[in-house]
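Working notes, structure below.
Residue numbers (my numbering): 52 to 199.
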């Protein structure tokens, strides 16, 4: 049952971690440029209230995001929403896959490039991410997300 009514929010969103201290997408500008061709807009959730974040998620039909706390908002998505979660090859977990399954979302994952990451240090959940744009395009096709 949908409790929150969607507004004129976009149906395709990319959740940025550009203000985060770790698990940032180092080639985010290129990723956003590619996703804009598919009709995505980039959001930084840190500046929004929970209610505003929920409104974006209710309206979303496709969400692309690096693994991070912003994906907790998947609980507000409508069943059938497509989620493409991006991981560093050094840190992969199933937290948001579990939420996606409980909420009947279509969850996909994309593993970034392997590279020497000074940010990971000794804490395993901190590595930054470099997205392979060719693989991202293939994932969009696999998830049946068309160009707009």
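C-beta atoms are modelled at their ideal positions from N, C-alpha and C, and glycine is treated no differently.
If you compare alpha carbons, which of 155, 163, 104, 102 is closest to residue 202? As shown, the chain starts at 52 and ends at 199. That puts residue 202 outside it, with no answer to give.
Quick one: grab the DSSP three-state call for residue 52. The predicted position of residue 52 is uncertain, since its pLDDT is 46 and thus under 50; a value taken from the coordinates is nonetheless stated next. Three-state result, residue 52: coil.
Which parts of the stretch 114-165 are runs of the beta strand (DSSP E), unbroken and 3 residues or longer, counting only runs that do not cross its ends? 133-138, 157-162
Does DSSP classify residue 59 as helix, strand or coil? coil
Where residue 94 sits in the DSSP three-state scheme: strand
Strand pairing of residue 65, partner residues [DSSP]: 93, 115
Check whether the stretch 90-101 touches the stretch 141-149, taking contact to mean three or more Cβ pairs, one atom from each stretch, closer than 8 Å. no
Measure the CB-CB distance between residue 80 and residue 110 and report whether it falls below 8 Å. no
For residue 182, name the three-state secondary structure that DSSP assigns. coil
Nearest candidate by alpha-carbon position, reference residue 159, set 74, 116, 107, 177: 116
Take the Cβ of residue 127 as the centre, count every other Cβ of all protein chains shown within 10 Å, and call the residue buried at 16 or more, exposed below. buried
Which residue wins for smallest C-alpha separation from residue 75, given the options 65, 177, 60, 103? 177
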